[in-house]
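K.L.:
Questions regarding the structure given below will be posed in turn.
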Amino acid sequence: MADILIVEDEKAMQDIIADYMRKGGHTCFTADDGVDALVILKNHPMDLIILDVMMPHLDGFSVCKMAREMSDMPIIMLTAKSAEDDKLKGYDYGADDYMTKPFSPKILLAKTNALLRRSSPASAGAINAGKIMLQPGAHKVYLDGQEITLTHKEYELLAFLMANPGQIFNREQLLNRVWGYDFEGTTRTVDTHIKTLRQKLGDESKHIVTLIRSGYKFEVAV
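Shown next as structure tokens:
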């Protein structure tokens, strides 16, 4: 199955999460704080991280940001805070999903499995538009022949839009298709990811078209 890093300073919670992940067939690695987590990541590539926000030495937001620079693996953040701004901060740093404490370990396992399924390599061929080439099988995107680094969700959003050229999707539809129906965030998450995608695509961001009061579409010929 998958190698999962659980970063949680509360030992009891760490044990509960690890127990459910192992029952789901996954191999678990644990860290009590953000510093230990980064050491583990540097020495052992992971398939997914379950990351607490409030931790000693280095908080979850900082770990998320640094982990995202190392890999595009899915990241689920755990927090006692339910404020929208805290969730948006996590998504800005590259988190893929959020769970607010207290939560159901069964739901956490289900979200973990869903993210792992969506991040597994596909066998479809490359998709091209202008100077953009997306390779689903390798989970990579190239701009004018040069590979560009996208977060997991940026990649999924771009892949979905490119796979459905010319079709208009409102923010709720994109949340459901890319983040999943159990996503706890708001439609502002879509706008944030579109903004960062456009920055990374440069002039080729012209293919992502905004339709006022309607949503977004990917236009192949612009």
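When you line the sequence shown up against our numbering, it's residues 309 to 530, in that order. Beta carbons are placed, not taken as given, at the ideal position from N, Cα and C, and that holds for glycine. This one's a predicted model, so the numbers in the text were calculated from it and none came from an experiment.
1. Identify which residue in Pro444, Lys409, Asn351 and Phe477 has its Cα closest to the Cα of Met321.
2. If you compare alpha carbons, which of Ala326, Ala345, Lys319 and His334 is closest to Asn421?
3. Kindly identify the DSSP beta-bridge partner or partners of Asp405.
4. Alpha carbon to alpha carbon, how far is Arg506 from Leu386?
5. Answer yes or no: do Leu396 and Leu349 have a C-beta to C-beta separation smaller than 9 angstroms?
6. From which residue to which residue does the alpha helix (DSSP H) around Asp323 run?
7. List the endpoints of the continuous alpha helix (DSSP H) containing Asp394.
8. Taking the alpha carbon of Asp311 as the point to measure from, which residue in Asp394, Pro382 and Lys448 has its own alpha carbon closest?
9. May I have the straight-line CA-CA distance separating Asp355 from Ile516, to the nearest angstrom?
10. Grab the span of the alpha helix (DSSP H) containing Glu527 for me, first residue to last.
P.N.:
Taking the geometry as given:
1. Lys409
2. His334
3. Ile384
4. 28 angstroms
5. no
6. Lys319 to Lys331
7. Glu392 to Asp400
8. Pro382
9. 29 angstroms
10. Where Glu527 is concerned, there is no enclosing alpha helix (DSSP H), given that its DSSP letter is neither H nor E.
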